[in-house]
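Data block below; observations after.
Numbering (my numbering), first residue to last: 87 to 329.
Dropping the structure here:
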């Protein structure tokens with residue numbers, strides 16, 4: 087039988103992709119400026135996407151979004167509205183940097199916009215909505231197409247997608263943050279972004295010390311750096327951000 091003291095002291099040997107997802111999910115939940123649309127379990131749902139409608143106090147839910155070969159469902163989706171403009175950060179998490187693949191950013195975006203026979207989320211109907219100050223979700227009836235398809239009819243020019251790649255340090259754990267060469271990691275991330283021009287965000291996640299505290303090193307594209315969302319994402323990452 088495992089003793090309670092052993093459970094309290096337990097630390098995983100490997101955090102991996104799920105550790106990356108869990109770290110970003112926890113950071114997103116500990117602030118309120120950026121809205122978390124979707125997160126992989128254990129923090130979120132496999133299929134539910136909750137999107138804030140601009141200039142309103144309502145959030146709309148898309149249920150049962152499928153996994154399809156034509157597009158890549160993100161592991162994390164964050165939303166930041168500026169007036170009528172909607173910004174979405176679309177994150178793919180992987181075990182190591184070598185797990186990146188060509189067209190990652192495009193495939194993440196096409197989960198929303200569609201590709202081939204796949205109808206993207208933006209063109210699908212929402213099924214539920216609620217006010218931000220309420221807990222109860224309300225069903226949107228099939229005949230209320232203005233509400234069900236508001237995202238589909240929302241101007242494309244006001245919706246911006248920012249695909250990103252996050253991965254775990256290899257080896258994942260180091261004893262002290264003083265051993266981390268952030269300049270080398272940033273250079274590596276820039277080279278990665280130069281060879282994958284459809285990505286705007288690259289974030290490395292590692293763990294240090296006896297308690298495996300997380301840390302992050304991030305790199306952004308020049309285009310993303312010019313947005314106010316870059317500042318907001320830095321604020322979200324700030325508790326663990328290096329460099």
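For glycine and all other residues, C-beta sits at the position ideal for the given N, C-alpha and C.
For residue 290 and residue 260, the gap between their C-alpha atoms comes out near 14 Å.
The Cβ neighbour count for residue 304, taken over all protein chains shown within 10 Å, is at least 16; the residue is labelled buried. Every unbroken stretch of the beta strand (DSSP E) spanning 3 or more residues and falling wholly within the stretch 238–265 is given here in chain order: 245–260. Looking at the backbone, the Cα of residue 236 and that of residue 136 are separated by about 14 Å. Annotation for residue 227: no residue places its beta carbon closer than 6 Å to its own, counting only its chain and skipping 5 residues before and after. Residue 298 has its alpha-carbon roughly 14 Å from the corresponding atom of residue 266. Between the C-alpha atoms of residue 149 and residue 133 there is a straight-line separation of about 6 Å. Classified as exposed, residue 239 has fewer than 16 neighbouring CB atoms from the shown chains inside 10 Å of its CB.
Residue 250 places its beta carbon 8 Å or farther from that of residue 186. Contact between the stretch 318–329 and the stretch 107–126 is present: 3 or more CB-CB pairs across the two stretches fall below 8 Å. Uninterrupted beta strand (DSSP E) stretches at least 3 residues long and entirely within the stretch 115–176 occur at 121–125, 135–138, 144–148, 162–168, given in chain order. If you check the CB distance, residue 159 and residue 151 come in under 8 Å.
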